[in-house]
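Residue numbers (the numbering used here), protein chains in the order written: chain A, 4 to 692; chain B, 514 to 798.
So the structure is just underneath, and the comments pick up after that.
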Amino acid sequence: MQIEIGVVPQYTIGVRPERFICFLGILCCLLFVGQTHAQEKKVEPGIDSILPVNLEEVIIVASYNSTLEHRSQHKPLSTLDEYLESSRKVNMIKRGAYAWEPVLNDMSSERLSVTIDGMRIFGACTDKMDPVTSYVDVSNLKEVHVSGGQQGAEQGSVIGGSIDLKLEKSDFVEKGWSGSIETGGETSNAARIFGGELNYSDAKFYVDTDAIYRKADNYSSGGGDEVAFSQYEKYNLSTNAGYRVSEGKKLSASFIFDEARDVGYPALPMDVSLARAYIASVSWSQKSFLKHFTDWETKLYANKVTHVMDDSKRPDVPIRMDMPGWSDTYGLYTQANLNHESHRLLLKWDGYYNRSLAEMTMYPQNPDENSMFMLTWPDVRTFNSGFYAEDMIQFKTGYLKLSTRLAINMGNVADEFGLNSLRIFYPDMPQRKNRFLKSVSAQYYKDLDKFHVNTGLSYGDRAPSVSEGYGFYLFNSFDNHDYIGDPELSNEKALEANAKVSFKGDRLSTSIEGNYFFMQDYILGEVDPTLSVMTIGAEGVKIYRNLDHAHLYNISWENEYAITSALKWTGVLSYHRGIDNDNRNLPFISPLAYNSGLQYAQHGYTGSITMKGAASQENFNPDFGEDKTDAYMVFSLSMGKKFTIDSNALYVKLGVENIFDEYYSTYTDWKNIPRMGRNFFMTVSYAIN
Amino acid sequence: MKTIKLLFAALICTAGFVSCSDNNNDDDVIIEENPLEGYNMLAKLTANTHSIEIYSEQDQFTIGYNELFFRIKDDGADTYVSNAEVSWMPVMHMTEMQHSCPKSSVGVTDDASVYSGYVIFQMPGNDTEYWEMTFDYNIDGTSYSVTEKINVLAPADDKRRVTVFTGSDDVRYVLAMMPLDPQVAVNDFSAMLFKMESMMSFPNVGDYSITIDPRMPSMGNHSSPNNVDLSYDASSKMYNGKLSLTMTGYWKINLKVMDGNDTLLKGEDITDENEASSLFFEIEF
Numbered sequence: 004m005q006i007e008i009g010v011v012p013q014y015t016i017g018v019r020p021e022r023f024i025c026f027l028g029i030l031c032c033l034l035f036v037g038q039t040h041a042q043e044k045k046v047e048p049g050i051d052s053i054l055p056v057n058l059e060e061v062i063i064v065a066s067y068n069s070t071l072e073h074r075s076q077h078k079p080l081s082t083l084d085e086y087l088e089s090s091r092k093v094n095m096i097k098r099g100a101y102a103w104e105p106v107l108n109d110m111s112s113e114r115l116s117v118t119i120d121g122m123r124i125f126g127a128c129t130d131k132m133d134p135v136t137s138y139v140d141v142s143n144l145k146e147v148h149v150s151g152g153q154q155g156a157e158q159g160s161v162i163g164g165s166i167d168l169k170l171e172k173s174d175f176v177e178k179g180w181s182g183s184i185e186t187g188g189e190t191s192n193a194a195r196i197f198g199g200e201l202n203y204s205d206a207k208f209y210v211d212t213d214a215i216y217r218k219a220d221n222y223s224s225g226g227g228d229e230v231a232f233s234q235y236e237k238y239n240l241s242t243n244a245g246y247r248v249s250e251g252k253k254l255s256a257s258f259i260f261d262e263a264r265d266v267g268y269p270a271l272p273m274d275v276s277l278a279r280a281y282i283a284s285v286s287w288s289q290k291s292f293l294k295h296f297t298d299w300e301t302k303l304y305a306n307k308v309t310h311v312m313d314d315s316k317r318p319d320v321p322i323r324m325d326m327p328g329w330s331d332t333y334g335l336y337t338q339a340n341l342n343h344e345s346h347r348l349l350l351k352w353d354g355y356y357n358r359s360l361a362e363m364t365m366y367p368q369n370p371d372e373n374s375m376f377m378l379t380w381p382d383v384r385t386f387n388s389g390f391y392a393e394d395m396i397q398f399k400t401g402y403l404k405l406s407t408r409l410a411i412n413m414g415n416v417a418d419e420f421g422l423n424s425l426r427i428f429y430p431d432m433p434q435r436k437n438r439f440l441k442s443v444s445a446q447y448y449k450d451l452d453k454f455h456v457n458t459g460l461s462y463g464d465r466a467p468s469v470s471e472g473y474g475f476y477l478f479n480s481f482d483n484h485d486y487i488g489d490p491e492l493s494n495e496k497a498l499e500a501n502a503k504v505s506f507k508g509d510r511l512s513t514s515i516e517g518n519y520f521f522m523q524d525y526i527l528g529e530v531d532p533t534l535s536v537m538t539i540g541a542e543g544v545k546i547y548r549n550l551d552h553a554h555l556y557n558i559s560w561e562n563e564y565a566i567t568s569a570l571k572w573t574g575v576l577s578y579h580r581g582i583d584n585d586n587r588n589l590p591f592i593s594p595l596a597y598n599s600g601l602q603y604a605q606h607g608y609t610g611s612i613t614m615k616g617a618a619s620q621e622n623f624n625p626d627f628g629e630d631k632t633d634a635y636m637v638f639s640l641s642m643g644k645k646f647t648i649d650s651n652a653l654y655v656k657l658g659v660e661n662i663f664d665e666y667y668s669t670y671t672d673w674k675n676i677p678r679m680g681r682n683f684f685m686t687v688s689y690a691i692n
Numbered sequence: 514m515k516t517i518k519l520l521f522a523a524l525i526c527t528a529g530f531v532s533c534s535d536n537n538n539d540d541d542v543i544i545e546e547n548p549l550e551g552y553n554m555l556a557k558l559t560a561n562t563h564s565i566e567i568y569s570e571q572d573q574f575t576i577g578y579n580e581l582f583f584r585i586k587d588d589g590a591d592t593y594v595s596n597a598e599v600s601w602m603p604v605m606h607m608t609e610m611q612h613s614c615p616k617s618s619v620g621v622t623d624d625a626s627v628y629s630g631y632v633i634f635q636m637p638g639n640d641t642e643y644w645e646m647t648f649d650y651n652i653d654g655t656s657y658s659v660t661e662k663i664n665v666l667a668p669a670d671d672k673r674r675v676t677v678f679t680g681s682d683d684v685r686y687v688l689a690m691m692p693l694d695p696q697v698a699v700n701d702f703s704a705m706l707f708k709m710e711s712m713m714s715f716p717n718v719g720d721y722s723i724t725i726d727p728r729m730p731s732m733g734n735h736s737s738p739n740n741v742d743l744s745y746d747a748s749s750k751m752y753n754g755k756l757s758l759t760m761t762g763y764w765k766i767n768l769k770v771m772d773g774n775d776t777l778l779k780g781e782d783i784t785d786e787n788e789a790s791s792l793f794f795e796i797e798f
């Protein structure tokens, strides 16, 4: 099946239309059949994920409609954050039970591109309480594509990589009406989850709608202590529709509304009363274009994020404050493939315009005193436009992928008040700042029968984020410092090398993968002892600076062994290290971590036992609030059964996480807030076909 | 919308002015040509067939620095007198004593019928103690004098913009902050320093130095970076510097005054133990 899809573009050119339709029909059937009969592996109809030259991880997100996928998922209705955390490459920084921040190759938000179906979107919180991943839910998604380093350059100018959240679409599969309802519950935080989906799809038109609601109370840590302010409530509605204008020409649109209220952040001094996003897009795609081009896709999109921090529920704060933030992004991209002999070219042009504004109003104890107001993000307008090109060259037993991205990035502080505020620190600061960003990468794959070798070398840079460039007294509760941006920061650059050797036997697959980033002008907050703190109780003020250089190493060893056709063992061991030019440890670098699990799937039954843990964090940095996080090991268990009622499927899954109720926190836990203790969960899905 | 608002404001101002003038039975033509239109008339002193109209951008005589404009009107001829020789003297009548305050000499503006200068009141009047303003002027060789009570009030926000202190040299000084429209930015910041030579004489003091340390007591005594201490500018007779304000709200500008030999006359450094200087100004916005 993979081969057939790979072949499509080459055969479609010059084939008579009848045959083409016929072929497409067969393809659709195959896809459909594939979806219902595939066992463990899910096939993604995009070519990129199939070609082994891309060291890309695809995280399958279980959907209501394809309940079989639940088998491979330990906990089907878990949050997207939990899905991402279960991946091999992504770690999640936690400030509470909600809105975790993805980390890839030891790098988080500002060094990654997190996109929704290729759309750029930026959180509206100055304190990273709303990563992009918090504005979608599993109900919206089919899968998540994780690409490390410059292999993520297709999505934007990145250092650490890209995470593209792919929306689920019926995509003209002739199924007619279908729907499902799903519900789940968990014991530790009394989480209640309700979801539903209603879709219609035929060859000419499809429309998908889904809704999900989650509400959770405070969770309990291992040992049974309640973690105060860890509650959350959120709902998400989405719809997407497509219309086949004519053969090979599709018009589609999608819309997501996501709103979270009353979200507690136990590790932070403030909670969130509202986090809301509207995410919309319209796209046009065409099978062939200008004779030689194929798979032309153009998308226009817009999104609007509102984030309101709130401390009204905290009993004891030195000063009451309001901290709303807004982030609006408008963008477009257009891309097409060009195949010529052994070359497969992808050309993409993209652009976005983002407006980030955040304010802070503090209310003095003395009610007669005026409130204190500042702009923490001074209405920063970022215009970014880039051109990406890659050439996949096929050899007899391998591929070479060459890619490049060239982009301009223009920053403008639109608000006079904000500009004057920053000019307190930088008197000669210009209102506008233009940057030129570039990335080049070469990735080589060689197939040596049972062994496979991937290797790559690349270089890329990125512009500072809004906070790094223009943040004004942003309080970081982890290291207890106020942060100030520097608009004159140099671009951060990374030279990256990666390699992977894998072995695929009949039963055993094993691979060792490593990468190394040599970062120049690494952006990090450094204490400026001359500055006076703003936040009451803060220890000092840090200014974002370019470190001369830093090194990041990531290495992982993955194994999979099929004990029987129904029983599979997996095991992953990973090690990360990050140091700067003075041999100081960089913050948020994982210690030695491992996980291991057994998965069983046969005759409608599924089951899994997993163990995960980490060694103690020896390489921490106390300047960033880190301490030596202890080693831990936790176990989880789940089992599921599929029942068939008429032609509909009922799927029940039960499980328990942290079986031994271990009290632990990991290096990603902000201020060492403890993880959830023993937690039983149950999900019930009913799919109506 | 903004333009409309401005037009409205202008209209209302004009209307207010016209209605005022009607009460004064003045000629409309003269009033319409009033070079002080837009200013507030704070007082009108009448004597010797003249009236002296005192205007200011402020709406009251306030403790601290007052920039004043005035015109001498010949009530008989219904005209304004240009190029008169004028001097003025504000005097505070206290129960025990009388004293004056720092002031400039009287100058003439571009319009020869408009005189200007500044007065720095150190204290407000009250029921028993009051300020009197005396104008001595000479028109065509004839000298006149007029004295009338004026009402000096504390500023509406009650923030300190002038401070009287005895230095370590046992001299009494008056330090006044120049009017400031504070912004979250680096603000130009100026002050004037006077020595109290006698009850009635307050000469300007130059070549001292004044340090500033702005603080927000409500924010754990947060301070701001890149302030520039005040240094003397002989041409303007002011001490000029830069004041950074990182947010709106209440700021205490802690001060230290040093003489020409860098000897501390008044004020203390801000430390963890000492949250404020005894010498300070206040700003709230």
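Note that beta-carbon positions come from the ideal geometry of N, C-alpha and C, so glycine has one too.
These figures come from a predicted structure and were not determined experimentally.
Does any C-beta atom of chain B lie closer than 8 Å to the C-beta of residue i?
i, result
"residue 539 of chain A", "yes"
"residue 536 of chain A", "yes"
"residue 367 of chain A", "yes"
"residue 377 of chain A", "yes"
"residue 74 of chain A", "Reliability of the predicted coordinates at residue 74 of chain A is poor, the pLDDT of 47 falling under 50, and no value is obtained from them."
"residue 362 of chain A", "no"
"residue 184 of chain A", "no"
"residue 241 of chain A", "no"
"residue 491 of chain A", "no"
"residue 533 of chain A", "yes"
"residue 542 of chain A", "no"
"residue 373 of chain A", "yes"
Could one say the Cβ of residue i lies closer than 8 Å to chain A's Cβ atoms, at least one of them?
i, result
"residue 741 of chain B", "no"
"residue 619 of chain B", "no"
"residue 676 of chain B", "no"
"residue 744 of chain B", "no"
"residue 735 of chain B", "yes"
"residue 543 of chain B", "Note on residue 543 of chain B: pLDDT 46, under 50, position unreliable in the model; the coordinate value appears next. Cβ-Cβ to chain A under 8 Å: no for residue 543 of chain B."
"residue 797 of chain B", "yes"
"residue 801 of chain B", "The question about residue 801 of chain B has no answer, for chain B in this structure spans 514 to 798."
If you measure between the beta carbons of residue i and residue j, is that distance less than 8 Å?
i, j, result
"residue 593 of chain B", "residue 582 of chain B", "no"
"residue 64 of chain A", "residue 185 of chain A", "no"
"residue 266 of chain A", "residue 677 of chain A", "no"
"residue 732 of chain B", "residue 375 of chain A", "yes"
"residue 114 of chain A", "residue 355 of chain A", "no"
"residue 233 of chain A", "residue 99 of chain A", "yes"
"residue 573 of chain B", "residue 555 of chain B", "yes"
Starting from residue i, follow its DSSP beta bridges and name the residues at the other end.
i, result
"residue 301 of chain A", "A:287 and A:337"
"residue 411 of chain A", "A:388 and A:439"
"residue 348 of chain A", "A:341 and A:394"
The ligand COA heavy atoms versus the CB of residue i: any closer than 7 Å?
i, result
"residue 752 of chain B", "The model depicted lacks the ligand COA and carries no ligand whatsoever."
Residues of chain A with CB under 7 Å from residue i, in chain order?
i, result
"residue 788 of chain B", "The premise fails here: residue 788 of chain B is roughly 13 Å from chain A at the closest Cβ pair, so nothing lies under 7 Å."
Give the residues of chain C in contact with residue i, contact being defined as C-beta atoms less than 7 Å apart.
i, result
"residue 420 of chain A", "Within the model displayed, chain C is absent; protein chains A and B are what it includes."
Check each residue of the region 422–438 of chain A: if its Cβ is closer than 7 Å to any Cβ of chain B, include it; give the result in chain order.
-> 423, 424, 426, 427, 428 and 430
Between the region 653–682 of chain A and chain B, which residues of the former have a C-beta closer than 9 Å to a C-beta of the latter?
-> none
Which residues, taken in chain order from the region 623–657 of chain B, show a beta carbon closer than 7 Å to some beta carbon of chain A?
-> none
Note down, in chain order, all residues in the region 708–731 of chain B with a beta-carbon under 8 Å from any beta-carbon belonging to chain A.
-> 729 and 731
For the region 754–776 of chain B, which residues have a beta carbon sitting closer than 7 Å to at least one beta carbon of chain A?
-> 757, 759, 760, 761, 762 and 763
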